[in-house]
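Novice:
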Amino acid sequence: MSRYFYYFYTVGLLINTIFFVPRILLSERYDGSVMAVFAGILFGSVSAFLFTKAMMRFPGEGIPEIFERNFPKIIRIPLLIGLAMMWTIAGSIILVAFSSISIRFLSPETNPAFMLMFYCAFGCYAASFRPSTVLNMAELIILLNLPFVAFIMYKLISSPYFEWDSIQVLADYVFRIPSLTSFAAATYPFTGYISLALYNRLYEKTRVGHLWILPTIGTAVMLVSYFVPIGLLGIDSVDHYIYTWITAVDTLRMKFGFIDRALYLFLFMYIGLSLIFIAISWNVGSVLVRDAFGFKPVTILKVKVPSQVMINAGFAIATFLFGVNSSDKSLIEFVSGWLNTRLAAEILLVIIVIWLSRREVKHA
Amino acid sequence: MPKKISVPLLALLLLMLPGCGFKDIDKRFFVVAIGVDQGERAPFKVSFKLAIPSPRTEPGEAKYQVISQEGSSIANAVRLMKSKVDKEFDFGHTTVIVIGKSFADHRELGRSLDWFFRRRDIQEIAFMAIGEPDALSIIQTKPKSERLAGNALMLPFTNEGTESPYIVKTYLFDYYRRWHEHGRDAFLPIVSSRSETFVINRAAIFSSNLKKLELTAKETGIFNQFLKTRHRFLILAALDGKQISFNAKVRSLRFKLVDSANKPEIRYRISINVESEDTEAPVFHQSWDELEKTVEEEFRNQALQLLNRLRDNGVDPLGFGLRYRASRHGGESDFAEWQKIYPKVTFKVNVNAHFTGTGIIE
Numbered sequence: 001m002s003r004y005f006y007y008f009y010t011v012g013l014l015i016n017t018i019f020f021v022p023r024i025l026l027s028e029r030y031d032g033s034v035m036a037v038f039a040g041i042l043f044g045s046v047s048a049f050l051f052t053k054a055m056m057r058f059p060g061e062g063i064p065e066i067f068e069r070n071f072p073k074i075i076r077i078p079l080l081i082g083l084a085m086m087w088t089i090a091g092s093i094i095l096v097a098f099s100s101i102s103i104r105f106l107s108p109e110t111n112p113a114f115m116l117m118f119y120c121a122f123g124c125y126a127a128s129f130r131p132s133t134v135l136n137m138a139e140l141i142i143l144l145n146l147p148f149v150a151f152i153m154y155k156l157i158s159s160p161y162f163e164w165d166s167i168q169v170l171a172d173y174v175f176r177i178p179s180l181t182s183f184a185a186a187t188y189p190f191t192g193y194i195s196l197a198l199y200n201r202l203y204e205k206t207r208v209g210h211l212w213i214l215p216t217i218g219t220a221v222m223l224v225s226y227f228v229p230i231g232l233l234g235i236d237s238v239d240h241y242i243y244t245w246i247t248a249v250d251t252l253r254m255k256f257g258f259i260d261r262a263l264y265l266f267l268f269m270y271i272g273l274s275l276i277f278i279a280i281s282w283n284v285g286s287v288l289v290r291d292a293f294g295f296k297p298v299t300i301l302k303v304k305v306p307s308q309v310m311i312n313a314g315f316a317i318a319t320f321l322f323g324v325n326s327s328d329k330s331l332i333e334f335v336s337g338w339l340n341t342r343l344a345a346e347i348l349l350v351i352i353v354i355w356l357s358r359r360e361v362k363h364a
Numbered sequence: 001m002p003k004k005i006s007v008p009l010l011a012l013l014l015l016m017l018p019g020c021g022f023k024d025i026d027k028r029f030f031v032v033a034i035g036v037d038q039g040e041r042a043p044f045k046v047s048f049k050l051a052i053p054s055p056r057t058e059p060g061e062a063k064y065q066v067i068s069q070e071g072s073s074i075a076n077a078v079r080l081m082k083s084k085v086d087k088e089f090d091f092g093h094t095t096v097i098v099i100g101k102s103f104a105d106h107r108e109l110g111r112s113l114d115w116f117f118r119r120r121d122i123q124e125i126a127f128m129a130i131g132e133p134d135a136l137s138i139i140q141t142k143p144k145s146e147r148l149a150g151n152a153l154m155l156p157f158t159n160e161g162t163e164s165p166y167i168v169k170t171y172l173f174d175y176y177r178r179w180h181e182h183g184r185d186a187f188l189p190i191v192s193s194r195s196e197t198f199v200i201n202r203a204a205i206f207s208s209n210l211k212k213l214e215l216t217a218k219e220t221g222i223f224n225q226f227l228k229t230r231h232r233f234l235i236l237a238a239l240d241g242k243q244i245s246f247n248a249k250v251r252s253l254r255f256k257l258v259d260s261a262n263k264p265e266i267r268y269r270i271s272i273n274v275e276s277e278d279t280e281a282p283v284f285h286q287s288w289d290e291l292e293k294t295v296e297e298e299f300r301n302q303a304l305q306l307l308n309r310l311r312d313n314g315v316d317p318l319g320f321g322l323r324y325r326a327s328r329h330g331g332e333s334d335f336a337e338w339q340k341i342y343p344k345v346t347f348k349v350n351v352n353a354h355f356t357g358t359g360i361i362e
């Protein structure tokens, strides 16, 4: 059972080390982002570890129930809504980014608004299932996609054009103080563990074991994500590319693949991973909002619509409006700003949960 | 009730489908090669080789159409070209980008080629080459063996077909990173056309996107051995006045920078396997040690000649500067330091040949 926890952690890592994080980090590669990567790995793993341990003291309970016992409504609702927004935005930016990537690389003739609308509609649909269904879906997609993703990563690193010298150049720049943004970006991929805030409800008897997996995959994925584009795109030009990882994969030629441009295989894998990431993050977001207010299903024209669907529809509409009005430039600027806020929110949540877990044990 | 609402709603969604925004495959022209030359009236002359899909794929049956257009920029020329054809251009299969020799000689090959680096549908794994006498004539060449349009120009680079030590290859992304990276310079193969075939056996070396040096065929063969994508090659050596051709394969090749005071050195350690392929006298009973020494001596001389020529021309396609930046710890000052050191560098090449056999006769 505890494997589901790792599935989401892995999806979060794989998705976020492709889209914005490497670009933010690589643009500051001479200004301390190497240190940020290592600090991010340390920080991410430690907080994941502490948070997981703390949540295990509340078997079968999610954050909404725990907060309900401990906080008055006036504190509880803003906290839960804040947490829900954190999740929803995480999904939404991936949705907007992937829809623009789809347009650029897969289907340039499609109207951007339609593409965005269909992604939003799918997100709304997939996120409205029960949490256990979403997790099963995640398992299926990860098991199908992970081997191919691993294969492409292996091919990239073993490519004759992979230049270790470019990476070693960075050795001179390790001991520089990273900026807050690059540190926030480096911790972001680890954020998947927060899903336990809600999915802990599914862990009544089982406990999340094998916690050593957290730092192990985290370190591996982060290092690959940061260093492989440098080896392939060159230390001085790696930050010229807008979709760093997409271009990095495009440098791979597979003579005997079905299509010699390996990029398409990679994009195909990442459609699945992105959609499951969107589904999970909106699922968590919508359930948190529902439980914060205690929404009941609404009846529209005699049809009983679950409140979760309504909330997700709201997310979808908001994302659509945001996506239609954003560009490559405004999106990355928004993400860099948002990452800093998210880091603060995440630290706050981890501290609250650890504090509550200590307090409840004392009172018990 | 839900069905009564949802079915018409879904049906309404169909109305929003984009319809014929998408163009069918028979309404598209696949651009398989692009040539860029100096224009007579405008700065650019762009040529496309457009593949015409045909049901027959037989040698020499490849059908294509070549069109050219002059323009003030590449994008401008492409737009103007659109009015010369009946179908939509599709760059998804563009595998070779040829740059005319006079263009390469007189223009910088960086910003002027921005269009290729910027377009999302030009693949990063397209091959770049210099065309002699100009790009258009390379694109127009029609080898008799060609089965698919553009294939004859592409196969030598992909190694799916011929594998020659004289063919160097440069991917679009590799050119771009070498252009920007301090301490590693770009190089391009030079393709020249004979009436019905191509000859690809030379390379041009660039320094900050200006062409600096052209290697001869012999030098290109050696140069290729110093890259990671090398093939079997030939070493011609003479022993006791008799010429012997050795078929050689590089087993390992690495270099080290040594900068003792005022005497910077680059030390190469190369080990190769050789086999005699064509000799004027039987070699089996001769001392194999001596054969190995002859080969080592010959290869060392050729390598030194090439390395010295690269250094004297101030180009660094083998990435010595990048290695210097990687192995020294001065941060930003590394590269400036290297630029002072490079002209003074001496090369030491240590070749270790292993003679594997004489073929099936003595």
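Chains P and X are the protein sequences, given in the same order.
Using UniProt numbering, read the first sequence as starting at 1 and increasing by one per residue.
Using UniProt numbering, read the second sequence as starting at 1 and increasing by one per residue.
All residues carry an ideal CB built from backbone N, CA and C; glycine is no exception.
Check whether the Cβ atoms of residue 402 of chain X and A126 of chain X sit closer than 8 Å, and answer yes or no.
Specialist: Given a span of 1 to 362 for chain X in the structure shown, any question on residue 402 of chain X remains unanswerable.
Novice: On a CA-only basis, which of X:A62, X:G183 and X:P8 is nearest S148 of chain X? Give me that one, please.
Specialist: Taking the first residue of the second sequence as 1, we reach residue 148 of chain X at position 148. Checking the sequence, you will find Leu at residue 148 of chain X rather than Ser. Comparing Cα-Cα distances from L148 of chain X to each of X:A62, X:G183 and X:P8, the minimum goes to X:A62.
Novice: Taking the alpha-carbon positions, what's the S45 of chain P to F5 of chain P distance?
Specialist: Reading the first sequence from its first residue, position 45 is the one you call residue 45 of chain P. Reading the first sequence from its first residue, position 5 is the one you call residue 5 of chain P. One C-alpha to the other measures close to 14 Å.
Novice: Please state whether DSSP places A33 of chain X in a helix, a strand or coil.
Specialist: Within the second sequence, numbered from 1, the residue matching residue 33 of chain X stands at position 33. Three-state DSSP puts A33 of chain X in a strand.
Novice: Looking at chain P, is there any beta carbon in it that lies within less than 8 Å of the beta carbon of M1 of chain X?
Specialist: Numbered from 1 along the second sequence, position 1 holds the residue referred to as residue 1 of chain X. Its pLDDT being 49, under 50, M1 of chain X is placed unreliably by the model, and the measurement read from it follows with that caveat. Chain P contact via Cβ: present.
Novice: Kindly list, in the order they appear in chain X, the residues whose Cβ is closer than 8 Å to that of F129 of chain P.
Specialist: Locating residue 129 of chain P in the first sequence gives position 129, counting from the first residue. At a beta-carbon threshold of 8 Å, none of the residues of chain X lie near F129 of chain P; the nearest stands roughly 17 Å away.
Novice: For the alpha helix (DSSP H) containing Q308 of chain P, name the first residue and the last one.
Specialist: Position 308 of the first sequence, counted from the first residue, corresponds to residue 308 of chain P. Counting along the chain, the alpha helix (DSSP H) containing Q308 of chain P begins and ends at S307 to V324.
Novice: Just how far apart, CA to CA, sit K255 of chain P and T216 of chain P?
Specialist: Reading the first sequence from its first residue, position 255 is the one you call residue 255 of chain P. Reading the first sequence from its first residue, position 216 is the one you call residue 216 of chain P. CA-CA distance, K255 of chain P to T216 of chain P, rounds to 33 Å.
Novice: Mark L9 of chain X as exposed unless 16 or more other C-beta atoms lie within 10 angstroms of its C-beta, in which case mark it buried.
Specialist: Taking the first residue of the second sequence as 1, we reach residue 9 of chain X at position 9. Counting Cβ neighbours within 10 Å, L9 of chain X comes out exposed, since fewer than 16 surround it.
Novice: Which whole-angstrom value describes the C-beta separation of P297 of chain P and S307 of chain P, a residue pair presumed to lie in contact below a C-beta threshold of 8 Å?
Specialist: Along the first sequence, read from residue 1 onward, the residue named residue 297 of chain P stands at position 297. Along the first sequence, read from residue 1 onward, the residue named residue 307 of chain P stands at position 307. Approximately 6 Å separates the beta-carbon atoms of P297 of chain P and S307 of chain P; this is inside 8 Å, confirming the contact.
Novice: Can you confirm whether I125 of chain X, when its beta carbon is compared against all beta carbons of chain P, has any partner nearer than 8 Å?
Specialist: As a first step, residue 125 of chain X must be located in the second sequence, where it is residue number 125. Yes - at least one Cβ of chain P is within 8 Å of the one on I125 of chain X.
Novice: Kindly say whether G32 of chain P, judged by its beta-carbon, lies nearer than 8 Å to any beta-carbon of chain X.
Specialist: Position 32 of the first sequence, counted from the first residue, corresponds to residue 32 of chain P. False, the Cβ-Cβ gap to chain X never drops below 8 Å.
Novice: In the structure shown, what three-state DSSP assignment does P189 of chain X receive?
Specialist: Locating residue 189 of chain X in the second sequence gives position 189, where the first residue counts as 1. If DSSP states are grouped into helix, strand and coil, P189 of chain X belongs with the strands.
Novice: How many angstroms separate the CA atom of G32 of chain P from the CA atom of S327 of chain X?
Specialist: Residue 32 of chain P sits at position 32 when you count from the first residue of the first sequence. Residue 327 of chain X sits at position 327 when you count from the first residue of the second sequence. Distance between the alpha carbons of G32 of chain P and S327 of chain X: 19 Å.
Novice: Between the alpha carbons of R359 of chain P and N70 of chain P, how many angstroms are there, rounded?
Specialist: Counting from 1 along the first sequence, the entry for residue 359 of chain P is found at position 359. Counting from 1 along the first sequence, the entry for residue 70 of chain P is found at position 70. A straight line joining the alpha-carbon of R359 of chain P with that of N70 of chain P spans about 10 Å.
Novice: Should the segment 104-114 of chain P be regarded as contacting the segment 332-344 of chain P, the criterion being three or more beta carbon pairs within less than 8 Å?
Specialist: Using a Cβ-Cβ distance cut-off of 8 Å, the segment 104-114 of chain P and the segment 332-344 of chain P are not in contact, since fewer than three pairs of beta carbons, one from each stretch, lie closer than that value.
Novice: Quick one: list the residues of chain X neighbouring A171 of chain P, beta-carbon separation under 9 Å, in chain order.
Specialist: Numbered from its first residue, the first sequence carries residue 171 of chain P at position 171. The answer, in chain order, is A326, S327 and H329.
Novice: Candidates P:F49, P:L25, P:Y7 and P:R3: which alpha carbon is nearest L223 of chain P's?
Specialist: The residue labelled residue 223 of chain P in the question sits at position 223 within the first sequence. Per the Cα distances, P:L25.
Novice: Sorted by chain position, which residues of the same chain lie with C-beta nearer than 6 Å to S47 of chain P's C-beta, five sequence neighbours on each side aside?
Specialist: On the first sequence, residue 47 of chain P is found 47 positions in, with the first residue counted as 1. So the qualifying residues of the chain are V350.
Novice: Ends of the beta strand (DSSP E) at I272 of chain X?
Specialist: Residue 272 of chain X sits at position 272 when you count from the first residue of the second sequence. K263 to T279 is the extent of the beta strand (DSSP E) around I272 of chain X.
Novice: Please compile the residues from chain X whose C-beta is within a distance smaller than 8 Å of the C-beta of L223 of chain P.
Specialist: In the first sequence, counting from the first residue as 1, residue 223 of chain P sits at position 223. Correct list: empty, because the minimum Cβ distance to chain X is about 17 Å.
Novice: Does DSSP put E333 of chain P in a helix, a strand or coil?
Specialist: To locate residue 333 of chain P, count along the first sequence from 1; it is residue 333. If DSSP states are grouped into helix, strand and coil, E333 of chain P belongs with the helices.
Novice: Can you have a look at T57 of chain X and say buried or exposed, based on whether 16 or more other CB atoms are within 10 angstroms of its CB?
Specialist: In the second sequence, residue 57 of chain X corresponds to position 57, counting from 1. Classification for T57 of chain X: exposed.
Novice: Cβ closer than 7 Å: which chain X residues qualify as neighbours of residue 368 of chain P?
Specialist: A query on residue 368 of chain P cannot be resolved here, the shown segment of chain P reaching from 1 to 364 and no further.
Novice: Can you tell me the Cα-Cα spacing of M1 of chain X and G150 of chain X, whole angstroms?
Specialist: One-based indexing of the second sequence puts residue 1 of chain X at position 1. One-based indexing of the second sequence puts residue 150 of chain X at position 150. With a pLDDT of only 49 at M1 of chain X, under the threshold of 50, the placement of this residue in the model should not be trusted, and no figure is reported.
Novice: Listed from N- to C-terminal order along the chain, which residues in the segment 309-321 of chain X have their beta-carbon within a distance smaller than 9 Å of any beta-carbon of chain P?
Specialist: G319
Novice: Could you give the C-beta distance for F268 of chain P and V249 of chain P, rounded to a whole number, given that I count them as a contact under 8 Å?
Specialist: Numbered from 1 along the first sequence, position 268 holds the residue referred to as residue 268 of chain P. Numbered from 1 along the first sequence, position 249 holds the residue referred to as residue 249 of chain P. About 11 Å separates the two Cβ atoms, so there is no contact after all.
Novice: Since H182 of chain X meets chain P, which of its residues come closer than 8 Å, beta carbon to beta carbon?
Specialist: As a working note, residue 182 of chain X is residue 182 in the second sequence. Neighbours of H182 of chain X on chain P, chain order: D236.
Novice: Looking at chain P, is there any beta carbon in it that lies within less than 8 Å of the beta carbon of T229 of chain X?
Specialist: As a working mapping, residue 229 of chain X is identified with position 229 in the second sequence. Yes - at least one Cβ of chain P is within 8 Å of the one on T229 of chain X.
Novice: At the level of alpha carbons, what is the spacing between S99 of chain P and A279 of chain P?
Specialist: Within the first sequence, the letter at position 99 stands for residue 99 of chain P. Within the first sequence, the letter at position 279 stands for residue 279 of chain P. Answer to the nearest angstrom: the Cα atoms are 15 Å apart.
Novice: Hey, is Y161 of chain P's beta-carbon within less than 8 Å of any beta-carbon in chain X?
Specialist: If you number the first sequence from 1, residue 161 of chain P lands on position 161. The beta carbon of Y161 of chain P sits closer than 8 Å to some beta carbon of chain X.
Novice: Given 8 Å as the limit, is there contact between the segment 34-50 of chain X and the segment 135-145 of chain X, that is, 3 or more CB pairs closer than that?
Specialist: yes
Novice: Any idea if L236 of chain X is buried or exposed, counting beta-carbon neighbours within 10 angstroms, 16 or more meaning buried?
Specialist: As a position in the second sequence, residue 236 of chain X is number 236, starting the count at 1. Flag for L236 of chain X reads exposed.
Novice: Please confirm whether E332 of chain X and T247 of chain P have their CB atoms less than 8 Å apart.
Specialist: The count along the second sequence starts at 1 and reaches residue 332 of chain X at position 332. The count along the first sequence starts at 1 and reaches residue 247 of chain P at position 247. In this structure, E332 of chain X sits away from T247 of chain P, with a CB-CB distance that is not shorter than 8 Å.
Novice: Just to confirm my understanding: we take V66 of chain X, look at its own chain, exclude 5 residues before and 5 after, and list those with CB closer than 8 Å. What are they?
Specialist: For the purposes of this step, residue 66 of chain X is identified with residue 66 of the second sequence, where counting begins at 1. The answer, listed in chain order, is S47, F48, K49, L50, L136, I139 and Q140.
Novice: If you reduce the DSSP assignment to three classes, tell me which class G357 of chain X lands in.
Specialist: Looking up residue 357 of chain X in the second sequence gives position 357. Looking at G357 of chain X - three-state DSSP - the assignment turns out to be strand.
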